[in-house]
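The next block holds one structure in the form of structure tokens; read it before the comments.
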Amino acid sequence: MEGLLNDSKTNEDITDFVNNNFGYFQCKNLDLSFVSYLYLNGSVVFSVGYDYSLPRNQSRIPTPVEITNITQSMIQKIINNLTNSTIGYGNYNGRLLLITAAPILRTDLSGPPLGVGFHIQFQDVNVLQTYADIALVCLHFNIFSGPGSQIDFTNRYENLVQSIKHTVPSNDQQWQTDGATPVKLIDQDFTEGRICRRVGLSSKISEARMQTFAAIEDWYGVPSIILSVDVSRSVLKLGMTSLGIALGVLLGTVFVLAVIVQLIVHLVVVSPILKLKKDVEVVTKTGDFSQHVGNEDTGDEIGAMSQCVNLMLESLDSSQLQTKQVLERTAVQEQRMTAIMNAIPDFVVTIHNDGTINHANDAFFKEFKLSKEEVFDVMNIITILKGVDLSDIKSSSVNSTSLEAMITTPLKTVPVTLLCSHYSCFVSDELVQANVIIARKCSQECSEDGVPMEVYRELFDRAMSSSRKRQTMKSFCQKTRDSRSLDFLEDLSEYRNMNFEERMVKMNQIIDKYLLKTAPRRLKVPVDVELDSILNGSGQLELFDVIQEKVTNSIVSGSTFKNLVKSSAFAD
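Have a look at this one:
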């Protein structure tokens, strides 16, 4: 063929070549109705087609107009759109054609395509019957005979050709092959014929049907064919049922596999972990670190983890035993020290560096009628210890000297001699420092001149009952020290001899003169604790008793009164 073209042979010679190579039997064996070749150089080779439904001497038929009307530019356009082959449909006097086009290449497949080769086949009853047999459906092709029929069909069946997915029910239809026309021209008297797949031995089945319509383009891309597919609803139901069964089986299989995997994971992984967790919870609740948890013999990661946990429990058990022994020895020492401290009649008080009391013996609580809740980590030693401050206590601890002071609580005031000592230790790597104070009540001691304190108290009481000696004490105090304490006691004596109305006025005068922080003659003894209750008083006789006791003890224990007693002015 290539040689004929290169030698510029005539179309008749090329036609003879094709006819000799594609005769009647060759085309029939290949199931072809027409064979045509169109070349880009202008050579056009047509083979005369055959209609095998006619006798052989009458079987030659002209080439379809779809091929004879193709120009050279259209051939080039077809080649440009071709990859390997393309398929289209055509109308041959109301008969449906299947047109297949492929590029013509050289023998060695080199160079660009030389042209286009067409193989054309009539879609007769046998071919459509084969399609129906394979697809198990009814098929029918409706060909437009002209523009008028196309418009007419579109107007009448527009709702059927809009979507290939659109279906319409067709009930009680005769599903048969006898007398069916697979291809019809669409005209004014359009009726539909079908070629169907026969089911069983019966040629007629009356049942609910489904129809789907689709518009098909011809060889030139123009919608010229309407394809209708008719299928039994039972086929669809069978497909949907099969799909549902397949999905059900798939879901069931997945569920069974999921259950099996879950059981395996639970037995192999989750169960040992839960057992280890339960054993650890038991150890946590009981506090018994001598127990073993988990299973160390599994040989996997969980067994290794159980082994590590058991090693940790053994270490904790050993530490717990050592701690218990230390606590027992400490408890024995503490009980021994507590017994010794409580046997001492002196006050033994332990304070932090800031002065907060954190320990005291029984003698302290019995003397001042206080509870541990009122004292420990609540009361500061400075608030009840008058005459000294923290610096004096720390200095006394270092120098091992004693201090004279008074312990004044809301209930009682006691003059004491203080013996202080300091200690320090580490608790959790933190340095803890504290001071121990032993306070010996002065009433248990004699003064430096060997006279008991009770003697000075009795002398003071007598002097206060004598106007002459009281005036002598005032004069002596004014020369050596302030006499505000004696003035306070005299005003308090007048207060007790007044009636209720007079006491109310005198009470306010005493408060303004001696007790308030802004008072012109504020007492030197601490009165802040008692001041709140006095301010809420209403002229009671015993309202100032506590402060009176403090002032009296302060005077009696002071050096001024002792010097007065020794002087000649105090002699009877």
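Here the sequence shown stands for residues 1 to 572, where the numbers follow the UniProt record's numbering.
Yeah, the Cβ is synthetic: ideal placement off N, Cα and C, and Gly gets one too.
Check: Is the CB-CB distance between Phe544 and Leu492 below 7 Å?; Outcome: yes
Check: What's the C-alpha gap between Leu531 and Cys425?; Outcome: 40 Å
Check: Sort Val229, Val348, Ser485, Phe376 by Cα distance to Asn358 and report the nearest one.; Outcome: Phe376
Check: Decide yes or no for the touch test of the segment 429-436 against the segment 343-363: beta carbon pairs closer than 8 Å, at least 3 of them.; Outcome: yes
Check: Kindly list the residues whose CB is nearer than 8 Å to the CB of residue 636, restricted to its own chain and excluding five residues on each side of it in sequence; keep chain order.; Outcome: What is shown of the chain runs 1 to 572, which leaves residue 636 out entirely.
Check: Taking its Cβ as the centre, do 16 or more other Cβ atoms sit within 10 Å of Ser110, making it buried, or is it exposed?; Outcome: exposed
Check: Within a Cβ cutoff of 6 Å, which residues of the same chain sit near Ile87, ignoring the five residues on either side of it in sequence?; Outcome: Thr100
Check: Can you tell me the Cα-Cα spacing of Asp389 and Ile382, whole angstroms?; Outcome: 6 Å
Check: When the Cα of Ser395 is compared with those of Ser421, Ser36, Val565, which residue comes out closest?; Outcome: Ser421
Check: State the Cα-Cα distance for the pair Ile205 and Ser242, rounded to the nearest angstrom.; Outcome: Note that Ile205 scores a pLDDT of 39, beneath 50, so its modelled location is shaky; the value from the coordinates is reported in the next line. Straight-line Cα distance between these residues: approximately 23 Å.
Check: Could you pull the start and end residues of the beta strand (DSSP E) that Tyr514 belongs to?; Outcome: Per DSSP, Tyr514 belongs to no beta strand (DSSP E) and is neither H nor E.
Check: Going straight from the alpha carbon of Met464 to that of Gln471, what length do you get?; Outcome: 9 Å
Check: Among Ile555, Ile67, Asn126, whose alpha-carbon lies nearest the alpha-carbon of Leu486?; Outcome: Ile555
Check: Any contact of the segment 534-551 with the segment 492-507, i.e. 3+ C-beta pairs under 8 Å?; Outcome: yes
Check: Counting along the chain, where does the alpha helix (DSSP H) carrying Arg336 start and finish?; Outcome: 301-343
Check: Since residue 588 is in the beta strand (DSSP E), which residue starts that stretch and which ends it?; Outcome: This structure gives no information on residue 588, because the portion of the chain shown stretches from 1 to 572.
Check: What does the alpha-carbon distance come out to for the pair Ile79 and Ala246?; Outcome: 46 Å
Check: CB-CB under 6 Å to Ile61, same chain, minus the five flanking residues each way: which ones, in chain order?; Outcome: Gly49, Asp51
Check: When you compare only the Cα positions, how much space is there between Arg522 and Ile437?; Outcome: 29 Å
Check: Nearest-angstrom Cα distance between Asp461 and Ser467?; Outcome: 12 Å
Check: Quick check: Ile384 and Thr417, are their CB atoms within less than 7 Å of each other?; Outcome: no
Check: Would you please state the rounded distance, in angstroms, between the beta carbons of Thr413 and Lys550? I believe it to be under 8 Å.; Outcome: 4 Å
Check: To the nearest angstrom, how far is the alpha carbon of Ile511 from that of Asn399?; Outcome: 41 Å
Check: Hey, would you say Phe289 sits closer than 7 Å to Leu316, going by beta carbons?; Outcome: yes
Check: What number of angstroms, rounded off, separates the C-alpha of Ser73 from the C-alpha of Tyr39?; Outcome: 11 Å
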